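Protein sequences appear in the order of chains W and Z. Heads up, the first sequence is in the working numbering, so the first residue is 1 and it goes up one at a time. Heads up, the second sequence is in the working numbering, so the first residue is 1 and it goes up one at a time. Idealized CB from N, CA, C, for every residue including glycine. Keep in mind it's a predicted model, so treat the numbers as computed, not measured.
2 protein chains.
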Amino acid sequence: MLRLSKLTDYAVVVLLRLADGDRATCRAGLSEPVQTSPGIAVATGVPEPTVAKVLKSLASANLVLSLRGARGGYRLARPLAEVSVADVIAAVDGPIALTACVDGGAGGCDLQGLCAVEGRWDLVNDAIRQALDRISLEDMCSASVPVAFRVMEPELVALPVPAVSAAAV
Amino acid sequence: MLRLSKLTDYAVVVLLRLADGDRATCRAGLSEPVQTSPGIAVATGVPEPTVAKVLKSLASANLVLSLRGARGGYRLARPLAEVSVADVIAAVDGPIALTACVDGGAGGCDLQGLCAVEGRWDLVNDAIRQALDRISLEDMCSASVPVAFRVMEPELVALPVPAVSAAAV
DNA sequence: CCCATACCGTACTGCGTCGGTCCAGTTAGC
DNA sequence: GCTAACTGGACCGACGCAGTACGGTATGGG
Chain W
1 MLRLSKLTDY AVVVLLRLAD GDRATCRAGL SEPVQTSPGI AVATGVPEPT VAKVLKSLAS
61 ANLVLSLRGA RGGYRLARPL AEVSVADVIA AVDGPIALTA CVDGGAGGCD LQGLCAVEGR
121 WDLVNDAIRQ ALDRISLEDM CSASVPVAFR VMEPELVALP VPAVSAAAV
Chain Z
1 MLRLSKLTDY AVVVLLRLAD GDRATCRAGL SEPVQTSPGI AVATGVPEPT VAKVLKSLAS
61 ANLVLSLRGA RGGYRLARPL AEVSVADVIA AVDGPIALTA CVDGGAGGCD LQGLCAVEGR
121 WDLVNDAIRQ ALDRISLEDM CSASVPVAFR VMEPELVALP VPAVSAAAV
């Protein structure tokens, strides 16, 4: 299914929140001073430890800057337009590669020598890498799609999503 | 890591084997009459039950034709050039979608309404789908590149593997 | 007509990875 | 020096995948 980890999804949400906090204005705002991980957690609805984990990954990939100590927090390292989806995925999920057989994982495959495709997946990997590289976070944000059609799920709307609600989004 | 299931990898191997059996001549050969799953298993080194499982998936996606009864077996449904990687992935791993939140999977996400990206992943999904659609199995086979040059990806070889590190990329 | 061959479908199980949590340590403002 | 906040590591349960097994069915040959 080509699944992408949920953490990566969270990472995008967090970065978007970090960019401005206001959903309407998705343009890259480095204006926002710093935001703490508890703060982002409340704003996004993502559990706080998870937010912290994601931010740690993003920080070590230099997508966000961290300020330690009291009154510390996180800031975007560069505007959203300069961050590609590939960057985020690589930061959270590790390098982009479809199979374990490729990209130097020369160790694992016990079909070595039999495998008719050997390194053939590189073609595919590169294609995907390029595709992901062309999409910036700003692209994912600015498109103005009506969110309407999903609201029809009553049991979901009724879910006890605590407190967060209106103020955030 | 954007992992692709190992089954999909096997599927490509099996299809290539089914195309001709001889690695040197990768051109689409519908010439080969039929091949049994045990036969393919020995030829490729993939365990037989797994081969059978893969072939079943491929058969129900109409990528291969099955002939039952004694002297039965499998045949390619169409030449390799007309089978895209996306087809194979969809057959084995299910529809291509990065996250569960999208593509009508309206059920899962409990951040409904909070999620700042809502349906934004569609952009990415489409990009990947197109990229995969452009690569045929023949492409993966015919390219005559020596597997050597993989080494040119220094950041990947250097990585100590753990999922969350990714400092390099 | 019977049997061997080979596909078909389903169900089961072990294992690896991921999502999520927690804790001890460190840094910096007040 | 105290407290707020990031840092890093370890830990654990849950889910999904890979692999296996088994009973069933269809076809061709003797």
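- For the region 119–143 of chain W, the set of residues with a beta-carbon nearer than 8 Å to any beta-carbon of chain Z comprises Gly119, Arg120, Trp121, Asp122, Leu123, Val124, Ala127, Ile128, Gln130, Ala131, Leu132, Arg134, Ile135, Asp139, Met140, Cys141, Ala143, in chain order.
- For Val42 (chain W), no CB of chain Z lies under 7 Å from its own CB, so it is not counted at the interface with that chain.
- Against chain W, the CB of Val85 (chain Z) has a partner CB under 7 Å away; the residue lies at that interface.
- Leu80 (chain W) carries a helical assignment under DSSP once its states are collapsed to helix, strand and coil.
- Glu48 (chain Z) places its beta carbon 7 Å or farther from that of Pro33 (chain Z).
- Taking C-beta separations shorter than 6 Å and ignoring five residues to either side along the sequence, the partners of Ser66 (chain W) in its chain run Ala59, Tyr74, following chain order.
- The C-beta of Ala70 (chain Z) has fewer than 16 other C-beta atoms within 10 Å across all chains shown, which makes the residue exposed.
- The beta carbon of Ala90 (chain Z) is closer than 8 Å to those of Ala61, Ile96 in its chain, skipping five residues each way along the sequence.
- Residue environment: Val42 (chain Z) is assigned as exposed (fewer than 16 neighbouring CB atoms within 10 Å of its CB, all protein chains considered).
- Classified as buried, Gly45 (chain W) has 16 or more neighbouring CB atoms from the shown chains inside 10 Å of its CB.
- As computed with DSSP, Arg75 (chain Z) is found in a beta bridge with Z:Leu65.
- In this structure, Leu80 (chain Z) sits near Leu137 (chain Z), with a CB-CB distance shorter than 7 Å.
- Going by DSSP, Pro49 (chain Z) is part of the alpha helix (DSSP H) stretching over 48–60.
- Sequence-distant partners of Val14 (chain W) (beyond 5 residues in either direction) whose C-beta falls short of 8 Å from its own C-beta, in its chain, are Ile40, Thr44, Val46, Val51, Val54, Leu55, Leu58.
- No residue range can be given for Thr36 (chain W), since it is assigned to no alpha helix (DSSP H) and is classified by DSSP as neither H nor E.
- The C-beta distance from Val83 (chain Z) to Leu63 (chain Z) rounds to 6 Å, short enough to meet the 8 Å contact threshold.
- Within a 10 Å sphere around the beta-carbon of Gln35 (chain W) sit 16 or more other beta-carbons, which makes this residue buried.
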